[in-house]
Amino acid sequence: MERNMKDLFEKSGVVTVPINPPISKNGPRMTRHIYWRKRSFEKVLHSDTAQSTDTAIAASTSSTNDATSSSKDMITSSDIISAINRIYDDPESVSRYLFDLLRSPHDDNDLQGELIDLLGFEQFDLVGKILSSRQKLLDCYNSVRQDVAQTTQLERILQKSQKQRKQPLYCQQVTVQSNADVNIRKMTRREQKRATKQLNKIAQILSEDEKLELERAQNDMLKERFQELETERWLETLRESRSTVLRERFPYVYDASIESEHTFITVDGLKRCLPINSTHTIRDTYEEVHVPAGDRSQIKGIHQINIEDFDELGKKCFDGFAKLNIVQSLVFTQAYKSQENLLICAPTGAGKTNIALLAILNTVHGYMNNGVICRNDFKIVYIAPMKALATEMTVNFAKRLAPLNLRVRELTGDTALSRKEIAETQMLVLTPEKWDVVTRKAIDLPFIKMVRLLIIDEIHLLHDDRGPVIETIVARTLRQVEISQQGVRIIGLSATLPNYIDVAKFLHVNPRKGMFFFDGRFRPVPLSQTFIGVRNPQSTGPNLMREMDEVCYEKVHQFVSKGHQVLVFVTARNATTKLAMTFRDEAAKKGESNHFLPASIGSPQYISAMKSMQNCKNGILTEFFRLGFGIHHAGLPRRERLMTEKFFANGYITVLFCTSTLAWGINLPAHAVVIRGTEIFDVQKGAFCDMGALDVQQIFGRAGRPQYESSGHGIIITWKKSMPQYLNMLLRQVPIESKFMSRIYDNLNAEISLGTVSSIAEAVEWLKYTYFFIRAKLNPIAYGIPREQLVRDPDLYEYLTQMMIEAAEKLDKNQMIRFDSINGYVASTDLGRIASNYYIKYETVEVFMNGVGGLKLEAFMSDDMILSLIASATEFDQIKVREEETMELEELVQTSCPLRLKRGALATVSGKINCLIQAYISRAFIRNHSLVSELMFVQQNCGRLCRAMFEITLRKGWAQAANATLTMAKCFDKQVWSFQTPLRQLSELIRADWIPKIERRKLSHYQLFEMSAKELGNMLSCDGQKMYEAVRMLPVMYLEASVKPVTNTIIQVTVTLTPDFIWHEKFLGSTGIQVFWVFVEDINENMIIHHDQVVVNRNKVLNSESQNLIFTIPIRDRQLTHNYQVRVSNDRYVVDDSVVPISMHNCVLPSSHRPNTDLLDLDPLPLTALKNEAFQSIYNFQFFNPVQTQVFHCLYNTDQNALIGAPTGSGKTLCAELAMYRIFREYPDKKCVYIAPLKALVRERVSDWDKKFRRLDI
């Protein structure tokens, strides 16, 4: 049949028939097409994506080239097509553009840059071969161009394709086409007519199968022509953008890779462009890539700024420094003497912290008045990516800014600051999540508006899972600047990253003034890097890491034998000891144990150190110390950790096995650092994953000792499958993208809750401040945006609008916002504000409100229901159930879980989380490492989830549920069950054996409180006086309440609260406050009628100062028979609530129709009763009217509240003026507020009073 079809097509001119498309194992599906010409025919393989005419021409020359090419440097057209098909998703466009370049008049030198720009540095070898074969390729190309051009016209059979032709947009009256578009469309129409005639000639002699094959060919050719149209538009843009990037040069970008030579290395089947002299070694068990250190000789001669040239402010903060380093000197002018936003991309150890200090001093300069710093007029915020780094930066900046009397405090999830402490602080160091939470709350806006400098450290984490948080806070800051018109300077500190221009644009940095990029040459100690990928292990179980350990020993021994110290980082605490033992055994086996001994082994100092180490309780440390080894991790006692750090710094330990905690906050450099293994347990993902780039960079930052060595070495040993990603991360191979869309619902809800977004249009405008918007325009395919969308809508307005509408509809469905789909307005609800303030995912809100497995928030909630619902939150979705953990979890259920597990028990994730929550409250000991990590994650999230549930039930007015959720939140915070004695919270102040005695007798706190010291001592066989005092340390309030009717539907409740506890500084702190909740509950209806918060400080407790709360509540006749009570609960401590019942039985409500106030028969008061000539001069009458006369004394001579109801025209406005005169006379520094229902009435009052009170200089 193929032969018959061939004959038919030779006669008719039809050129293409697809036959048996095979599947390629190593690439995309390849379809074989046979091209026939009248004189000859040949087979060409090409991609499913239809090729253009030029591609077909190139393919047709392949046989000729293959026959004539004999040199290794020559390349054929088929080689080019094969390479392009393998590399690009759109090979047809790239092929056409490549042959256009080859036909251009440019010489080879100019053409080389164009080809590298088109194909990438990875294809450098291919570019060289193309240039070597340029003329031969062009000769073959031109020889068949005319012939193939004639035959390819017959390939376009478009009889049934008119319906698929792209049409203009709806309501679009004008379409814009390039000359290429017009020519292609003309060619298409001519080919259609010609193909139709040819097809009609042979249609009658074709079988149905053959007609079907022709039909398929028609569809393929149609797709090809339309792709050519689209490619023509994109190529013009591509050419312009590429040439623009090549021409653009920025003054503060020091990137040697732009112009220097490169080494091309193939790793994992892909070529990578690495610095010159990089090497790639393949061994039996591993693959190694070595990248040499940068050449610092190229940056010599740069002037370094001396500290003595600073002003007095700078000298104080840079005390102990002689001069700035090269990086700091280059940045000095922009950081210290301008207000430009800055992006500083520099290697670890380049001194970015001092650059931040320069920017801080610049801000302080702006708030100096006659040499005095106005400390209450500004705030500085430093955002660090990790709590450990935040602590380190707090200590560092506090020390450096101490000479200026500026306070630096840390505010993270582990710390809390009162509003007073924040007000007294000039610089706050926070994590991104904490600053996001702070800026979400409108109550903190006064403090936020004082921020004048925002420093974001490690901003290259935009591509990390925490990247959306950074995008959110930057976008919020930029919008706040535009709304308030108060400048906030933004400083971004980052490791070297590839697309620094995009990040600079995101931070609103002027690339010619504030964008600084420093490559590896600027590192104080040049760093060479080695990437080792160990092949898949043959062994399993305990021997899984054997091959990796062997490689690690080999590399460490190379450094040690040269007299260098080495830090070996592992991913778990127990791995430090295991690896040290492996090294010990391996060294003994090879007879190399002496190589690890320090050079000073016989010195008196070393002998003294050995004696100190022998005093350690941990004998393994002493054994390792004799061998020259040491271990360091957070599980060691502090004394042993400090001793190990000291001995390593003194050179007594040659190899220190440690975890990543040593890299954070402890400056302990070595010549070489080795990362053995990169798999760590990520509790948020519920699985083992590779170590993040931030940790690797921080660890590599410890390599090399400044002032002692001229180089450092960093080695990372991982599995081969993970090796390419570390090459990409550390050598800037892949641009960082945005992950903002993963948190779009929660972030939008936060902005709506804050009030910065009130409509879809504002939501779209908000999105334009994000890094996502910048990258989406540059790389739309990565975010699922069709290229046609960007062509049609360059600003992505339609796409973003539709995205925001969908997000708003989703939030509206969850009752978190109210969305007016007609007008596009959005407004927050209580539920949305609670989710925003407590950082709750919108999916979790849906679980709480709509339920899962028949369980949801209700008016009556038991403790086990609360824990089951928390365990179902989507925050824990990544946690998995593992078979190896089952035995320990079952043991925890038996020993540490007093509440039954719902929803599948331990077989489900929610059951496992429930078990971990109860184990945490019970303070159970957990052995499994992954369970310990997951327990920490549960600890971080469970408290705020429970607090959010309490807020929701409080807004719903559910009395029992609110009380239960608040109690559970306190139990979790203090790790004490509500049925246990609250004295467990005083474990540091009383003996532990007293607690079981109290709980065996089931004595409540109230019962203990009523006993005397003697009674307590006799009953519990303990120190009665100490127990007596301990019982009174728990914060409780003495409560009294009374009611009286106001109207027939309103009663007034008066609550008197008196502190009934001792303020013990070791327990409650020397400063701070205690917060209490006051609830008025209708027991019959399980309803909270009123709630309030009371704050008690230390002085009020010491003085037993009472507080009165007076509030009104609505009531109906039938509710007089209900039972009411006032409940006072401490917000933080698990202790019995103070409860007082309120009786309404003797409460007589007034009549529903109250009589009018009698108008007394009084003599009209004269105007002189004002006794103020200035006030009297305003009026032109002599006497007040009867109403004014009767209310005169109350308004003019007292400060009592007044309600005046009188007919229109009875002089009520003058009554208001009498009250105002009282303020003017008695409280001249106070203000008056007038509220009117209509704007017109307000304008009338303003006009009238402006004339009247102008005489009073008001």
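In my numbering, the protein residues as written are 16 to 1273. Cβ atoms here follow ideal geometry from the backbone N, Cα and C, with glycine treated the same way.
6 Å CB neighbourhood of residue i in its chain, flanking five on each side removed
i	result
residue 903	943
residue 1296	Here the chain covers residues 16 to 1273 and nothing more, so residue 1296 does not appear.
residue 848	768
residue 574	581, 687
residue 1082	1048
residue 189	With a pLDDT of only 39 at residue 189, under the threshold of 50, the placement of this residue in the model should not be trusted, and no figure is reported.
residue 1042	1031
residue 251	Confidence in residue 251 is poor, its pLDDT being 43 and thus under 50, which makes the residue's placement unreliable; the coordinate value appears in the next sentence. Nothing listed; no residue qualifies.
residue 371	470
Distance between beta carbons of residue j and residue i, contact taken as under 8 Å
i	j	result
residue 542	residue 799	Incorrect: roughly 38 Å between the Cβ atoms, too far for contact.
residue 533	residue 750	Going by Cβ atoms, the distance from residue 533 to residue 750 rounds to 18 Å, so no, they are not a contact pair.
Own chain, CB closer than 7 Å to residue i, minus 5 neighbours either side, in chain order
i	result
residue 178	With a pLDDT of only 35 at residue 178, under the threshold of 50, the placement of this residue in the model should not be trusted; the figure read from the coordinates follows. Same-chain partners within the cutoff: there are none.
residue 9	This structure cannot settle anything about residue 9, because the visible part of the chain is limited to 16 through 1273.
residue 907	930, 934, 939
residue 840	773, 774
Closest by C-alpha distance to residue i, when choosing among the options
i	options	result
residue 866	848, 885, 803, 461	885
residue 1162	1150, 1171, 1130, 1145	1130
residue 1225	1217, 1203, 1238	1203
residue 463	901, 629, 763, 450	450
residue 1149	1067, 1060, 999	999
residue 1186	1146, 1143, 1213, 1240	1240
residue 996	326, 1151, 833, 412	1151
residue 584	875, 670, 519, 653	670
residue 828	764, 711, 1172, 114	764
residue 1084	1066, 1099, 1053, 1116	1116
residue 1156	1136, 1166, 593	1136
Chain-order list of residues whose beta-carbon lies under 8 Å from that of residue i (same chain, five-residue window excluded)
i	result
residue 419	328, 331, 332, 379, 388
residue 142	127, 130, 131, 134
residue 630	none
Distance, residue j Cα to residue i Cα
i	j	result
residue 374	residue 524	15 Å
residue 817	residue 779	9 Å
residue 297	residue 476	32 Å
residue 1009	residue 1035	7 Å
residue 917	residue 976	18 Å
residue 568	residue 579	14 Å
residue 576	residue 618	20 Å
residue 500	residue 1246	27 Å
residue 122	residue 151	15 Å
residue 465	residue 1158	50 Å
residue 1235	residue 814	56 Å
residue 496	residue 822	26 Å
residue 1210	residue 1060	25 Å
Helix, strand or coil at residue i [DSSP, three-state]
i	result
residue 66	Bear in mind that a pLDDT of 39 at residue 66, under 50, signals an unreliable position, so the number given afterwards is only what the model happens to contain. Residue 66: coil per DSSP, three-state reduction.
residue 645	strand
residue 1157	strand
residue 1055	strand
residue 687	strand
residue 1068	strand
residue 932	helix
residue 757	helix
residue 507	strand
residue 394	strand
residue 338	strand
residue 705	strand
Residue-level contact to chain C via CB, residue i, 8 Å cutoff
i	result
residue 963	Although the question refers to chain C, the structure presented lacks it and comprises just one protein chain.
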